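Letter by letter, the sequence shown follows residues 14 to 393 in my numbering. Cβ coordinates follow ideal geometry from the N, Cα and C atoms, glycine included. As the structure is a computational prediction, the values presented were derived from the model and not from experiment.
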Amino acid sequence: MADTNLYAVTALFRTPDQIIAAAKGVKEAGYTRYDVHTPYPVHGMDKAMGLPETKLGFVTLAAGIMGAVGMISFASWVAAVDYPQVIGGKPYWSWPAFVPVTYEIAVLLAVLLTVGAMIAFFFKFPNISHPLHDTPYMKAVSSDAYGVAVRADDPKFDEKEVRDLLKRLGGEVSPVEFSEEFRTFRPRLFEPRFLLLLAGVALVSAGGGYVTWNKLMFMPPFDWMMMQPKAKPQTVSTFYADGFGMRLPVSGTVARGFTLYPYTITDRADSVGALMVNPLVPTATVLSRGKQKYLTYCSPCHGNAGRGDSRMNGQFPNPPTLHSDKVRQWPDGALFHVMTVGQNVMPSYQYQISREDRWAVVHYVRTLQRALNAQESDLQ
Ligand code: HEC
């Protein structure tokens, strides 16, 4: 091939059957460096040409494994070594949590590297030139003809033999030479002028970004959202003598609409209870409101009727009955106090149940007590 300018001998065919037969013929004649060009995928062509299976699948597999292993290692390092935290009582190295992200990264890397490998290794990017480009042969096979090109660098290549073979197979034979353009083609990717342009673009965009976000935005008038006459949390203040930007509320400050509950869990229910009076009248509305709140918040422990027989029995320090002599003789305020601040293991309910509803619950508990301990006089 050294003394000739010939790239390949090509032949055009008119029907798919002809091209399949031609591909078989060229393969059986023992040529290895040849290719077939058709305007659309022709079924059975891989077999006719005896093409081996593509190696692209291995690239995908390797990239996927790389992604999975890389992600598991990274997640393990983050979760168990660099920033160990107990989350929901689970061990640091809790692998089920890594499954979704490992899967995602494996797929992502497999896809990206497959496309990258295809372009860089299989299509030889950035080489974008080919001797067949712009030839009448290529124009024909991208429109209505089927073609075979046997390359001149095939070890068995002999121009006359190839021509005869292709003619025998029924093709219109024509040689393709390396064009002047192909021989002088150089990828322009690494030309100094192009690299200079790239560097210029990088410099301008990076510099522009830097100036905009680090300088311009801090100059008037662009800084007006940032520079407000106020002290931000955690900042120093020159206005106050102690230098803190954040102020504590004046001691004793309460929010609007807030009524202070003056007693704490250390106050005995029966003694502070006597200092409070239930402000509600036990009407049907109040009782049904109290019943609703009682069934929601109290019955899981104290039972629907307050007998201390709920399903919590045996799983929690047993909630006591609310029908004991002690609780029955307590003033209303004592029940209110227990609900408000809690008592030993019973938690406070002041944030779940409003002040008024707690008093309604007191009325409802009283109703339960009266119902279970009815006096003779109640029946008359
Ligand atoms: C999480 C379970 C639980 C819930 C819910 C609960 N309690 Fe209690 N309650 C207890 C336990 C346990 C005690 C006993 C505390 C102790 O050891 O003093 C108790 C004690 C009491 C007492 C004092 C009884 C006594 O003999 O000293 C009253 C009154 C009371 N609860 C009323 C209520 C009301 C009203 C509600 C609904 C707002 C309620 N509890 C919700 C668990 C609960």
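Beta carbon proximity, residue i to chain B, threshold 8 Å
i       : result
Asp-157 : This model lacks chain B altogether, as it is built from one protein chain only.
Closest residue to residue i among the options (Cα-Cα distance)
i       : options                            : result
Phe-191 : Glu-389, Val-375, Tyr-20, Gly-101  : Tyr-20
Ser-312 : Val-374, Ala-110, Ala-76, Phe-195  : Val-374
Ile-366 : Arg-324, Tyr-307, Ser-323          : Tyr-307
Gly-265 : Pro-275, Gly-183, Met-259, Gly-258 : Pro-275
Asn-357 : Pro-104, Asp-280, Gly-184          : Asp-280
Phe-138 : Thr-225, Arg-201, Pro-168          : Arg-201
Arg-368 : Pro-97, Gln-393, Leu-273           : Leu-273
Leu-122 : Glu-194, His-143, Leu-74           : Leu-74
Val-189 : Ala-158, Pro-144, Ser-250          : Pro-144
Ala-318 : Pro-242, Lys-304, Val-112          : Lys-304
Tyr-377 : Ala-93, Met-325, Ser-301           : Ser-301
Arg-199 : Gly-184, Gly-327, Ile-141, Pro-168 : Ile-141
Ser-283 : Val-351, Pro-292, Phe-329, Trp-226 : Checking the displayed sequence, the identity of residue 283 turns out to be Asp instead of Ser. For the residues Val-351, Pro-292, Phe-329, Trp-226, the minimum Cα distance to Asp-283 belongs to Val-351.
Lys-180 : Lys-169, Ala-35, Val-267           : Ala-35
Gly-321 : Gln-328, Gly-327, Pro-332          : Pro-332
Gly-63  : Met-79, Pro-52, Ile-78, Lys-40     : Lys-40
Ile-278 : Ala-158, Gly-355, Trp-237          : Gly-355
Glu-185 : Leu-25, Asp-171, Gly-327           : Leu-25
Tyr-310 : Met-131, Phe-134, Arg-371, Val-114 : Arg-371
Phe-271 : Ile-32, Pro-104, Tyr-364           : Tyr-364
Glu-194 : Asn-18, Leu-208, Lys-103, Ser-155  : Asn-18
Val-91  : Ala-76, Ser-107, Met-79, Gly-77    : Ser-107
Pro-398 : Lys-152, Gly-38, His-146           : Beyond the ends of the chain as shown, which are 14 and 393, falls residue 398; an answer cannot be given.
Pro-109 : Gln-98, Val-94, Ser-89             : Ser-89
Thr-148 : Val-22, Val-267, Phe-252           : Val-22
Ser-323 : Pro-330, Asp-255, Cys-314          : Cys-314
Thr-28  : Val-99, Gly-43, Asp-157            : Asp-157
Span of the alpha helix (DSSP H) around residue i
i       : result
Ala-93  : Neither: Ala-93 is in no alpha helix (DSSP H) and is coded neither H nor E.
Gly-286 : 282-286
His-315 : 312-315
Leu-121 : 112-130
Tyr-44  : Where Tyr-44 is concerned, there is no enclosing alpha helix (DSSP H), given that its DSSP letter is neither H nor E.
Pro-149 : 149-154
Leu-300 : 297-306
Lys-60  : 58-62
Ser-142 : Ser-142 -> no alpha helix (DSSP H), and no H or E assigned at all.
Glu-389 : 389-392
For residue i, the first and last residue of its enclosing beta strand (DSSP E)
i       : result
Leu-25  : 19-26
Glu-190 : 185-190
Residues that residue i bridges to, as DSSP identifies them
i       : result
His-50  : Gly-160
Asn-326 : Phe-329
Contact test: residue i Cβ vs the ligand ATP heavy atom, cutoff 7 Å
i       : result
Leu-293 : With respect to the ligand ATP, the structure shown offers nothing to examine, as its ligands consist of the ligand HEC.
Problem set entry | Segments assigned beta strand (DSSP E), at least 3 residues, entirely inside the stretch 340-379 | Fully enclosed beta strand (DSSP E) runs of 3 or longer: not present.
Problem set entry | Touch test, the stretch 34-49 against the stretch 158-167, Cβ-Cβ under 8 Å, three pairs minimum | Judged by pairs of C-beta atoms under 8 Å, the stretch 34-49 touches the stretch 158-167, as three or more such pairs exist.
Problem set entry | Inter-stretch contact (C-beta, 8 Å, three-pair minimum) for the stretch 226-233 and the stretch 244-255 | no
Problem set entry | At least 3 beta-carbon pairs within less than 8 Å: the stretch 115-131 vs the stretch 76-85 | yes
Exercise. Between the stretch 346-357 and the stretch 285-297, do at least 3 Cβ pairs fall closer than 8 Å?
Worked result: yes
Exercise. If you scan the stretch 175-262 from start to end, which runs of the alpha helix (DSSP H) of 4 or more residues do you find wholly inside it?
Worked result: 193-197, 205-227
Exercise. Is it true that the stretch 120-130 meets the stretch 61-72, where meeting means three or more beta-carbon pairs spaced less than 8 Å apart?
Worked result: yes
For this session: Check whether the stretch 51-58 touches the stretch 173-182, counting contact only when three or more Cβ pairs, one atom from each stretch, lie closer than 8 Å.
Result: no
Exercise. Do the stretch 370-385 and the stretch 333-340 make contact, defined as three or more Cβ pairs closer than 8 Å?
Worked result: yes
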